[in-house]
Structure formats: structure tokens, C-alpha cells
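*Asks:* Below: one structure in C-alpha cells.
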Amino acid sequence: MAKQTIEITVNGDRYEVAIDPWRSLAEVLREDLRLTGTKIGCNQGDCGACTVLINGRSVSSCLTLAVEAHQREVTTIEGLAKTPQELHPIQEAFVEKGAVQCGFCTGGMIMSAKHLLDKNPQPTELEIRQGLSGNLCRCTGYNKIVEAIGDAARRLNPAKEGQ
Amino acid sequence: MTWPRPHLQLGLPPRPDALDKASGREKYACDFYPPGLLWAGVKRAGVPHARLRGLNLAAARALPGVTAVLAAADVPGVNRQGVVQKDQPVLVDDKVRYSGDALALVVASDQATLARALALIETDLEPLAPVLDPEEALLPGAPLVHPERPQGNLLLEGRVTTGQGAAALEGCAVVVEASFDLPRQEHAYLETENGWAQMGQDGRLTMVASTQTPFRDRLEVAEVLGLEPGRLRMVAPYCGGAFGGKDGVTVQSLLGLAALHAGGRPVKMWLSREESILASSKRHPARLRYRLGSDDQGRLQALEARIIYDTGPYDHLGGAVLTLGLEHAAGPYRIPHVDLHGQAVYTNNPIGGAFRGFGVPQVAAAMEQTMDLLATRLGLDPLELRRQNALKRGDVNPVGVTLAGSTGLAQCLEAVAGHRQWKEAPAWRAAAPAGQRRGVGLAAVLHGMGYGPVIPDVANAKVELTGEGVFRVYCGVVDMGQGNAGTFLQLAGLVLGQEAEGLELVLPDTDRTLPSGSSSASRTTYTFANALLPAAQALKERLLARAADALFATPAEMALVPGAVRHRPSGRTLPLAQLAKMLSPEERTATHRYRAPVVPERPSADPALQLHGLPHGVFSYAVHLARVEVDELTGLARVTGYLVAADCGQVLNPQVWEQQMQGGVAQGLGYALMEELPAPAGQPQHTDLATYLIPTALDLPPIECLAVPSWEESGPLGLKGCGEIGIDGPLPAVGNALAQALGRHLPQAPFTPERVLMALQEDGKGAGS
Numbered sequence: 001m002a003k004q005t006i007e008i009t010v011n012g013d014r015y016e017v018a019i020d021p022w023r024s025l026a027e028v029l030r031e032d033l034r035l036t037g038t039k040i041g042c043n044q045g046d047c048g049a050c051t052v053l054i055n056g057r058s059v060s061s062c063l064t065l066a067v068e069a070h071q072r073e074v075t076t077i078e079g080l081a082k083t084p085q086e087l088h089p090i091q092e093a094f095v096e097k098g099a100v101q102c103g104f105c106t107g108g109m110i111m112s113a114k115h116l117l118d119k120n121p122q123p124t125e126l127e128i129r130q131g132l133s134g135n136l137c138r139c140t141g142y143n144k145i146v147e148a149i150g151d152a153a154r155r156l157n158p159a160k161e162g163q
Numbered sequence: 164m165t166w167p168r169p170h171l172q173l174g175l176p177p178r179p180d181a182l183d184k185a186s187g188r189e190k191y192a193c194d195f196y197p198p199g200l201l202w203a204g205v206k207r208a209g210v211p212h213a214r215l216r217g218l219n220l221a222a223a224r225a226l227p228g229v230t231a232v233l234a235a236a237d238v239p240g241v242n243r244q245g246v247v248q249k250d251q252p253v254l255v256d257d258k259v260r261y262s263g264d265a266l267a268l269v270v271a272s273d274q275a276t277l278a279r280a281l282a283l284i285e286t287d288l289e290p291l292a293p294v295l296d297p298e299e300a301l302l303p304g305a306p307l308v309h310p311e312r313p314q315g316n317l318l319l320e321g322r323v324t325t326g327q328g329a330a331a332l333e334g335c336a337v338v339v340e341a342s343f344d345l346p347r348q349e350h351a352y353l354e355t356e357n358g359w360a361q362m363g364q365d366g367r368l369t370m371v372a373s374t375q376t377p378f379r380d381r382l383e384v385a386e387v388l389g390l391e392p393g394r395l396r397m398v399a400p401y402c403g404g405a406f407g408g409k410d411g412v413t414v415q416s417l418l419g420l421a422a423l424h425a426g427g428r429p430v431k432m433w434l435s436r437e438e439s440i441l442a443s444s445k446r447h448p449a450r451l452r453y454r455l456g457s458d459d460q461g462r463l464q465a466l467e468a469r470i471i472y473d474t475g476p477y478d479h480l481g482g483a484v485l486t487l488g489l490e491h492a493a494g495p496y497r498i499p500h501v502d503l504h505g506q507a508v509y510t511n512n513p514i515g516g517a518f519r520g521f522g523v524p525q526v527a528a529a530m531e532q533t534m535d536l537l538a539t540r541l542g543l544d545p546l547e548l549r550r551q552n553a554l555k556r557g558d559v560n561p562v563g564v565t566l567a568g569s570t571g572l573a574q575c576l577e578a579v580a581g582h583r584q585w586k587e588a589p590a591w592r593a594a595a596p597a598g599q600r601r602g603v604g605l606a607a608v609l610h611g612m613g614y615g616p617v618i619p620d621v622a623n624a625k626v627e628l629t630g631e632g633v634f635r636v637y638c639g640v641v642d643m644g645q646g647n648a649g650t651f652l653q654l655a656g657l658v659l660g661q662e663a664e665g666l667e668l669v670l671p672d673t674d675r676t677l678p679s680g681s682s683s684a685s686r687t688t689y690t691f692a693n694a695l696l697p698a699a700q701a702l703k704e705r706l707l708a709r710a711a712d713a714l715f716a717t718p719a720e721m722a723l724v725p726g727a728v729r730h731r732p733s734g735r736t737l738p739l740a741q742l743a744k745m746l747s748p749e750e751r752t753a754t755h756r757y758r759a760p761v762v763p764e765r766p767s768a769d770p771a772l773q774l775h776g777l778p779h780g781v782f783s784y785a786v787h788l789a790r791v792e793v794d795e796l797t798g799l800a801r802v803t804g805y806l807v808a809a810d811c812g813q814v815l816n817p818q819v820w821e822q823q824m825q826g827g828v829a830q831g832l833g834y835a836l837m838e839e840l841p842a843p844a845g846q847p848q849h850t851d852l853a854t855y856l857i858p859t860a861l862d863l864p865p866i867e868c869l870a871v872p873s874w875e876e877s878g879p880l881g882l883k884g885c886g887e888i889g890i891d892g893p894l895p896a897v898g899n900a901l902a903q904a905l906g907r908h909l910p911q912a913p914f915t916p917e918r919v920l921m922a923l924q925e926d927g928k929g930a931g932s
């Protein structure tokens with residue numbers, strides 16, 4: 001089958017890549033663009049380690065064909081912070097609250113958290129847990145992840161504090 | 164040598180590795196895609212027991228894009244691997260012993276070609292009757308997994324008796340008896356087994372793999388490939404989880420073989436989730452029968468334990484797992500008479516191997532639920548029964564070892580007794596709404612540290628002041644996610660007076676770091692830090708002396724401060740970068756070897772049990788508490804509150820300590836509530852994470868962790884291991900809570916809604932309990 005050329009914007013950078021049309025977005029991000037922060041834990045949409053945003057919506061990039069991202073904006077964990085030297089407040093909260101152990105779920109977990117907080121800036125603990133229920137973590141027991149996301153919500157909306 | 168007592172915070176950020184992991188920059192073994200990469204993959208047997216009559220590789224070899232198709236005859240060295248006994252073929256040469264056995268290896272230009280080539284391999288397998296039940300496997304006439312073994316399907320049998328053994332049960336006022344059936348558990352690390360390798364033009368093979376054991380892997384792979392170990396370089400980045408499942412080679416031998424046939428190009432191998440579940444080792448399914456007796460006051464007198472572990476087709480670490488289970492079978496109590504008997508049995512089921520807890524969660528499940536049966540029979544409070552019998556420093560433990568070191572179980576019990584979750588338990592239970600039942604259960608557990616008396620438990624640390632004036636810590640033992648690498652930086656910084664920016668880390672690499680054993684056995688920080696602290700101290704003393712020479716001063720007048728050595732009386736500083744230029748590389752480097760002490764007692768004269776690790780001398784302790792709510796309509800048991808109070812010696816980094824507790828408890832709650840991997844007809848019933856369920860964020864409660872610190876004389880800065888004590892207790896704590904809610908113990912775990920509902924229905928029929 002002929003290769004197909006797609007244009008995608010990833011973390012603000014525009015790429016034109018010629019790919020086999022059956023390849024997943026996760027694979028193209030990792031192998032062709034060398035953005036390996038997007039992990040593959042199951043390649044079946046069960047674990048959430050490959051979560052990225054397409055036009056602001058979270059998707060499992062292992063279940064998304066790369067051609068579906070044609071002319072769309074993809075955000076991966078590498079592009080969440082404003083500059084490579086900085087951390088996004090969610091990343092900061094994960095680091096400080098000890099939400100990272102082996103770290104293999106972390107990127108996907110943070111992208112799901114980003115999607116959740118964009119939709120719902122002040123989630124309850126249950127809403128956080130529901131928002132993460134598609135992301136498996138085998139190391140942490142989720143306690144510190146839930147705590148970090150609550151903390152990130154407060155960092156992102158300091159004005160709401162104390163209301 | 165004396166060390167400063169640790170502060171709770173040592174001034175470094177929590178987990179130096181967290182930053183690169185949270186930003187997506189960290190490179191795991193699977194993240195390398197070097198130019199010219201080839202892909203390797205394996206044809207698996209798919210049947211549990213069969214004679215290999217032949218393989219037709221011609222069609223696969225003829226496929227364009229295929230570099231090599233290899234079978235057993237292509238293994239240049241010894242076609243057997245294994246940590247203790249080499250009984251597992253790299254590529255099957257005679258017969259298939261489990262569904263995950265590897266038959267042929269393909270190297271191809273890309274993943275699609277690889278998949279096509281694997282599908283083109285024709286196998287000629289003559290089916291053999293499989294043996295799938297460990298008890299049936301011991302009967303005369305059972306099919307033999309390894310017919311050449313004189314012991315038949317028995318991998319290892321062990322017995323420890325003290326006092327009058329089981330005969331003492333006759334004299335007990337009260338005896339309770341129970342049987343337990345525990346499931347096979349999948350590690351489900353998120354990063355499946357993988358690595359990449361390349362044969363260099365210098366004839367040296369470099370391999371980067373997700374592993375807990377790079378130094379041991381090197382020896383194993385060298386033997387398989389028929390190479391001198393010095394021609395192999397193994398590199399172990401951070402693992403994306405391992406939990407025992409990467410203790411021993413997974414893809415490494417196959418990957419090395421692929422690299423020999425790749426014409427100098429790099430080769431990558433990465434198991435799919437399905438292949439990982441099919442081929443990897445699991446927690447041993449276990450059957451246990453316990454008889455526990457006490458006097459009428461609840462003083463434990465005698466225990467008889469019968470333990471069978473299904474070890475699957477290969478030894479892997481099954482003998483060691485059974486032995487640690489046997490040692491911990493009687494729990495953390497004074498029991499003068501025990502008869503503990505265990506068998507690890509070969510079957511054609513998935514491989515039983517190392518999994519966090521290493522044989523202890525199974526026996527803790529049996530012992531702690533039996534303790535609650537005894538408490539009920541005696542009419543005693545379960546906490547009171549444990550208090551009465553808890554091991555204390557100076558006691559002789561059930562296998563006959565004097566506990567000369569820190570023994571904080573009693574303090575853990577007191578911490579739980581005084582905690583809100585325990586004190587409010589009766590009121591909380593009574594407040595169960597209609598349609599729900601509630602229970603609160605306890606479990607007291609212990610976990611030994613290290614390899615036991617025979618295998619040297621050794622670490623070799625190396626610390627260097629680089630030419631740029633930064634301290635480089637050569638970490639000889641893998642960080643599979645638990646954070647020990649960061650802890651090593653923290654400890655080096657403490658001794659050398661440096662902050663994070665003055666320190667850097669080299670992860671395990673057989674060319675650069677020194678052999679320090681496996682990342683396992685609750686030993687990682689205990690053993691390596693015992694080597695690291697003296698290495699750092701030696702380097703510090705040398706640097707102070709050399710700086711003093713340079714400034715015409717005495718070493719006592721000098722201090723290491725961030726980035727420099729300061730002459731304290733004058734305030735003059737010598738930057739470390741400048742000091743480094745005055746020293747040869749040898750002078751800038753210090754190493755230290757540490758070997759963990761062993762205890763002199765020998766509970767068993769059997770050399771096999773000693774080799775497999777019996778006994779230990781240093782233990783961590785914990786008391787677990789689970790609050791469980793049962794829905795009478797659906798049988799769903801939810802854990803709504805959890806508390807663990809643990810004595811792991813001194814806590815160096817409270818956040819990392821709590822991570823270990825919470826993570827262990829989480830996996831233990833999965834084991835208690837939902838995880839089981841049956842293998843009907845020798846095939847894992849689940850092949851993905853949609854059907855093999857591990858806990859999600861919605862399944863786990865807040866997990867409260869109380870550190871009950873003791874001072875462990877033999878530990879670095881008083882520390883003991885904390886990696887496994889968290890996983891030993893959840894199943895029995897939940898089981899005991901459920902028993903309180905249901906009025907009966909469930910003999911079979913995990914406690915799924917179906918099993919709970921059936922117990923409720925039997926209850927409704929008036930069967931009583």
C-alpha cells in the first residue's frame with residue numbers, strides 16, 4: 001500500500017511525514033518524530049499510557065491512526081509546558097506531591113489530567129478519580145496522583161482559593 | 164564509623180528522577196530507535212506440553228525483509244537458562260513445557276514484516292498430556308515436565324520443625340484449621356519486556372534492556388551465546404515497573420542471539436501485552452492448609468502448615484520463593500512448636516517466579532486469616548490476640564532465629580490500636596446502611612531482607628569527583644521505579660555536603676558501575692547504601708586531606724560545602740572543579756564493597772533450603788487494617804479505608820517511603836479483590852488489561868501510612884527495606900474484614916463479587932457459620 005503524507009502540528013511544530021496509513025499515532029510520534037514521552041503499555045486502549053491531546057481532546061494514541069491527526073494539533077507530554085525548560089503546573093504538582101514512581105504511566109496520566117482540568121477546573125476527588133479511570137498505574141495506588149491533580153487545580157485557579 | 168542521624172528531609176527535592184519522568188524526557192529501554200534498527204520477535208508454542216518434531220522455517224526465511232530465522236540449533240552456547248537451575252531452553256530443542264515457550268526467533272527489517280514472518284513459521288508439535296494441577300503432578304503416573312529429573316515434578320520440598328512440631332497440637336486447648344486457595348497474579352508492569360542490542364565492530368555486544376538484574380543477566384546471556392562475559396555490556400535504564408517480573412532474563416538471551424545475526428545493526432525486541440502475559444513469570448498460585456493451636460488464654464502453642472506452590476514449567480526463582488514463604492509461614496509470632504512443610508511443584512502452567520512479596524503474601528494470607536479464626540474461637544479481640552503473641556526483640560522466631568535486631572511489631576500494633584480507623588471501627592460497622600455490611604480486618608506481617616545465608620548479598624559502590632567538580636554516584640543496582648537511585652544521590656549528598664546540582668547519577672551499566680546484585684528482596688537500598696556511605700566517606704576524607712595539603716592546612720580544618728572545600732579558620736575556599744584538576748582519576752574515585760551479615764542459626768540442615776535463602780536475620784514489620792463494605796445485592800466488596808503502620812527502621816525520605824507502602828498495598832488490594840489469572844488447559848485465560856483487571860483510581864481507597872521507626876543497627880542510617888512489607892498484608896486484612904461482615908471466611912481469593920455473593924446466599928439459606 002502506498003505511503004500517505006500527513007501534515008500534523010505537534011506541540012506547536014509542524015511536521016510533514018510520509019507514513020503507511022495503518023500506523024498508529026503513538027507509533028508515528030515515537031518512531032518517526034522521536035517523541036518517546038508518549039508510552040505504549042498495551043497498544044489496545046486499555047492502559048492510557050499513550051494519552052495525548054488532539055485539538056484539546058484526550059485520545060489513546062495507540063488506537064488513533066496517525067492519518068486521523070492530519071491537519072490537526074497534537075499535544076504530547078513534551079509539549080505541555082510553555083518551554084522545554086519549564087514544567088506545566090500539573091507536572092510540577094506531580095513532581096512535588098510524589099505522584100511519580102516508575103513514571104511509565106505519568107505522561108498519559110498528566111495528559112488525562114490536563115483534559116480533565118480544562119473541562120472541569122475544580123473537580124471533586126471523585127471527579128478526579130473518574131477522570132483518571134482510563135489510565136492505569138501499577139506503582140502508586142493513585143493516592144498521590146489524585147492529590148497532585150487537586151493541587152494542580154488550585155495552582156491553575158489561584159483566584160478561586162478561599163471562596 | 165558513625166553516621167549522622169538522618170533528618171526527615173535531607174534538603175533534596177523528592178525523587179530527582181521525577182522531573183525527567185514528568186516532562187517525558189526520561190529514556191526507558193523501549194524508547195531507543197537507533198538508525199538502521201531491525202526488529203526481533205518470537206514464535207511461541209501456544210500449547211502447554213508437546214514434543215517438538217520439527218519446524219518449517221523456509222517460507223519465513225524466503226520473505227523479503229527477513230534478516231534471520233533462528234531455531235535451537237542456532238544457539239551457540241548453552242541452550243538453557245535460569246537463575247538457580249538452568250532448566251529453561253532459550254529456544255525449544257526437545258519439547259514444549261508451557262504455552263509461552265519460544266520455538267523460533269525472527270529478525271526482520273520492520274514490525275509488519277516480522278509479524279508476517281512469524282505467521283509463516285510452520286510447527287510440527289506432537290501433543291503430550293499436560294499436567295496442570297500441582298497436587299495431581301505429585302501422584303504416581305502423572306506426566307513429567309522434566310522426565311530426566313529423579314524427583315519427578317517436585318522442584319523443591321522443604322520442612323522446618325521446632326519443638327515437638329505438629330504433635331504439640333494435641334496438647335492445645337483450642338485448635339483451628341483452615342484451607343486457602345490463592346490465585347496466580349500477573350505483574351502488569353506498564354512497560355512490557357523489551358530491549359535493544361547491537362554487536363559492535365570490536366566484537367562486543369551492547370544491550371540495553373528493561374531488567375532488574377543487569378550483572379546476572381550478563382553471565383546468563385554470555386553462557387547462552389558462548390561469549391566471554393567481558394564481551395557483553397548490559398545497560399539498565401529506569402524500568403517502567405518490574406515488581407520481580409524482570410528479575411532474571413526475559414528477552415535478553417533471545418535479543419543477544421538476534422544481535423549475533425543482525426550484521427552489526429541494532430535489533431529491538433518488545434513484547435506485546437498479550438505475549439507478555441503469555442510468556443512472563445507470575446506470582447505462584449498456592450494451596451495452604453493450616454492448623455493453629457493455643458492455650459485457653461490465646462497464647463500460641465503450635466502450628467502445622469502445608470504449603471503447595473504451582474511453579475509452572477521452570478525453576479526460575481520458584482525454589483527461592485517457596486523457601487521464603489516457608490520461613491515466613493508462621494507469621495510474626497512466638498510459637499514454640501511448628502511443623503512447616505512446603506512443596507514447589509512443576510506443572511505445564513505459566514511460570515511461577517519472583518513477584519514483590521516473593522512467596523510471603525501467600526503464607527501471610529493463610530496465617531493471618533487463621534489468626535482471626537482463632538480469635539473468634541477464643542472470643543478474643545483480634546488485635547489483642549496479636550499483641551499477646553507478637554515477636555519482640557530478643558525472642559526466638561518460629562523458625563528458631565533469635566531476633567537480635569530491631570523488631571517493631573508491638574509498636575506497630577500500638578500505633579494501630581490508637582488510631583482513629585481502629586477505635587472507630589465498631590461505630591462505623593454499626594452504621595452500615597440497609598443493604599450493606601461492614602467489616603474491619605487486621606493483618607500483622609513481617610518481611611526478611613536480602614538473600615539469606617549462602618548467596619553473598621553484596622554491593623559495590625563507587626563515587627567519583629569528576630574533572631568538572633561534580634560528584635558522580637555509580638548506581639550498581641537497578642531503579643525499577645522505587646526511587647532508590649534518587650535515595651543514593653540523597654545519601655551521597657548528605658555525606659559529601661552537596662545539594663542536587665553538585666551530584667550526578669550513573670544508572671547500572673556493566674561497563675561503568677560495579678556489580679551490586681539484584682533490585683529485589685527488600686535489599687536494594689539496605690545493601691547498596693551500606694556500600695555507598697563508606698565509599699562517599701572515604702572520598703570525602705581523601706578530598707579534605709588533599710585540599711588541606713594544597714592550602715598548607717590540616718584536614719580537621721577543612722569542610723566540604725556545596726561546590727567547594729572550605730578552610731574553616733580563614734574562610735578560603737577551593738572550588739571542587741579546581742581540586743579535581745590536582746588529582747588523578749584514581750584519586751578522585753572511591754569504592755566500597757559491602758556484604759550483608761548472615762545469622763548463625765540453621766533452621767534446616769537441608770543445604771537446598773539454605774541455598775534458597777533460609778534463614779534471614781533482619782525483618783521489617785507491619786500491621787495492616789482494611790475497612791470493607793459489602794453490597795448484599797451485588798456481592799461487591801469495596802475497601803473504603805486502609806491503614807498500614809510499618810517498622811522499616813529509619814525513614815530517610817518520607818515521601819518515597821509512603822510511595823512504597825501505598826504501591827505495595829495497592830497491588831495487594833488487587834490480589835485481594837480482583838486479580839487472578841486462571842490457566843485452563845495451560846493457557847492464560849486473560850490476554851489483555853481489559854480482562855485481567857488491576858485496580859483503577861476508582862477501586863482504591865485513601866491509603867494512610869504510619870511510619871513506626873526503629874533503629875536497625877545493621878542498616879544504613881538505621882534503615883530497613885520497605886519494598887515488600889506493603890504487599891504482604893492486604894489480602895488477609897480484607898479477608899478478615901469480609902469474614903466479620905459475612906460471618907465466615909472465604910477460602911478462595913480473590914474476593915470477587917461472585918464469591919462474596921455465593922457466601923451471602925449460603926448464609927441466607929441458613930447454613931450458618
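Listed in order, the protein sequences are those of chains B and A.
First residue of the first sequence: 1, per my numbering; consecutive thereafter.
First residue of the second sequence: 164, per my numbering; consecutive thereafter.
Note that the Cβ used here is the ideal one computed from N, Cα and C, for glycine as well.
Report yes or no: do the segment 323-331 of chain A and the segment 492-511 of chain A share at least 3 C-beta pairs separated by less than 8 Å?
*Replies:* yes
*Asks:* Look at the Cβ atom of A/Ala-808, then the Cβ atom of A/Cys-575, and state whether they are nearer than 8 Å.
*Replies:* yes
*Asks:* Who are the near neighbours of A/Ser-873 in its chain, counting only those whose CB is closer than 6 Å to its CB and skipping five residues on each side?
*Replies:* Ser-569, Gly-571, Asp-810 and Gly-812
*Asks:* May I ask you to list the residues that DSSP assigns as paired with A/Arg-583?
*Replies:* A/Arg-583 is not bridged to any residue.
*Asks:* With DSSP as the reference, label A/Pro-167 as helix, strand or coil.
*Replies:* Unreliable positioning characterises A/Pro-167 in this predicted model, as indicated by a pLDDT of 32, which lies under 50. A coordinate reading is not provided.
*Asks:* If the criterion is Cβ atoms closer than 8 Å, does the pair A/Met-721 and A/Ala-405 meet it?
*Replies:* no
*Asks:* Between B/Thr-124 and chain A, is there a C-beta pair that is closer than 8 Å?
*Replies:* Output row for B/Thr-124: interface = no.
*Asks:* Smallest Cα separation from B/Ala-2: which of B/Asp-20, B/Asp-32 and B/Val-67?
*Replies:* The shortest C-alpha separation from B/Ala-2 is found at B/Asp-20.
*Asks:* Buried or exposed, going by whether 16 or more other CB atoms sit within 10 Å of the CB of B/Ser-58?
*Replies:* buried
*Asks:* Give the single residue among A/Ala-663, A/His-610 and A/Leu-657 whose Cα lies nearest to the Cα of A/Val-633.
*Replies:* A/Ala-663
*Asks:* On the three-state DSSP scale, how would you describe B/Gln-122?
*Replies:* coil
*Asks:* Look up A/Lys-445 in the DSSP assignment and say whether it is helix, strand or coil.
*Replies:* Of the three classes helix, strand and coil, the one that applies to A/Lys-445 here is strand, per DSSP.
*Asks:* Which residues in the same chain as A/Glu-925 place their Cβ atom closer than 7 Å to its Cβ, once the five residues preceding and following it in sequence are excluded?
*Replies:* none
*Asks:* Starting from B/Thr-106, find everything on chain A with Cβ-Cβ shorter than 7 Å and list it in chain order.
*Replies:* Lys-184 and Ala-185
*Asks:* Assuming A/Leu-201 and A/Ala-271 form a contact by the criterion Cβ under 8 Å, report the distance between their Cβ atoms to the nearest whole angstrom.
*Replies:* 7 Å
*Asks:* Would a check of beta-carbon distances place B/Gln-91 closer than 8 Å to chain A?
*Replies:* Closer than 8 Å to the CB of B/Gln-91 there is at least one CB belonging to chain A.
*Asks:* Straight-line CA distance for B/Arg-72 to B/Thr-5?
*Replies:* 14 Å
*Asks:* Do the segment 439-448 of chain A and the segment 388-404 of chain A meet, that is, are 3 or more Cβ pairs less than 8 Å apart?
*Replies:* no
*Asks:* Using only alpha-carbon positions, find the residue among B/Thr-64, B/Glu-78, B/Val-67 and B/Ile-149 that is nearest to B/Leu-117.
*Replies:* B/Ile-149
*Asks:* B/Val-100 touches chain A at which residues, Cβ-Cβ below 7 Å?
*Replies:* Arg-178, Ala-181, Lys-184 and Ala-185
*Asks:* Can you tell me the Cα-Cα spacing of A/Tyr-805 and A/Thr-859, whole angstroms?
*Replies:* Roughly 16 Å separates the two Cα atoms.
*Asks:* In whole angstroms, what separates the C-alpha of B/Asn-120 from that of A/Val-238?
*Replies:* Straight-line Cα distance between these residues: approximately 57 Å.
*Asks:* Per DSSP, A/Ala-265 forms a beta bridge with which residues?
*Replies:* A/Arg-207
*Asks:* With a CB to CB cut of under 7 Å and the five nearest residues on each side skipped, what residues in its chain are close to A/Ala-588?
*Replies:* Val-603
*Asks:* Roughly how many angstroms separate the alpha carbons of A/Gly-937 and A/Val-414, rounded to a whole number?
*Replies:* Residue numbering for chain A in the displayed model covers 164 to 932; residue 937 of chain A lies beyond these limits and cannot be assessed.
*Asks:* Beta carbons nearer than 7 Å to chain A: which residues of the segment 43-66 of chain B have them?
*Replies:* Under the 7 Å Cβ criterion, the segment 43-66 of chain B contributes Asn-43, Gln-44, Asp-46, Cys-47 and Ala-49.
*Asks:* What residue does the beta strand (DSSP E) around A/Tyr-784 start on, and which one ends it?
*Replies:* 782-794
*Asks:* Does the beta carbon of A/Glu-189 come closer than 8 Å to any beta carbon on chain B?
*Replies:* A/Glu-189 counts as touching chain B.
*Asks:* Of all Cβ atoms in chain A, is any one closer than 8 Å to the Cβ of B/Tyr-142?
*Replies:* yes
*Asks:* Once you ignore the five residues that flank A/Gly-660 on each side, which residues in its own chain have a CB closer than 6 Å to its CB?
*Replies:* Only Leu-723 and Val-724 meet the Cβ criterion.
*Asks:* Expressed to the nearest angstrom, what Euclidean distance is found between the alpha-carbon atoms of A/Met-164 and A/Leu-882?
*Replies:* Note on A/Met-164: pLDDT 29, under 50, position unreliable in the model; the coordinate value appears next. Their backbone Cα atoms lie some 16 Å apart in a straight line.
*Asks:* Any C-beta of chain A sitting closer than 8 Å to the C-beta of B/Glu-73?
*Replies:* no
*Asks:* In three-state DSSP terms, what is A/Phe-715?
*Replies:* coil
*Asks:* Taking only beta-carbon atoms, is B/Ile-8 less than 8 Å away from chain A?
*Replies:* no
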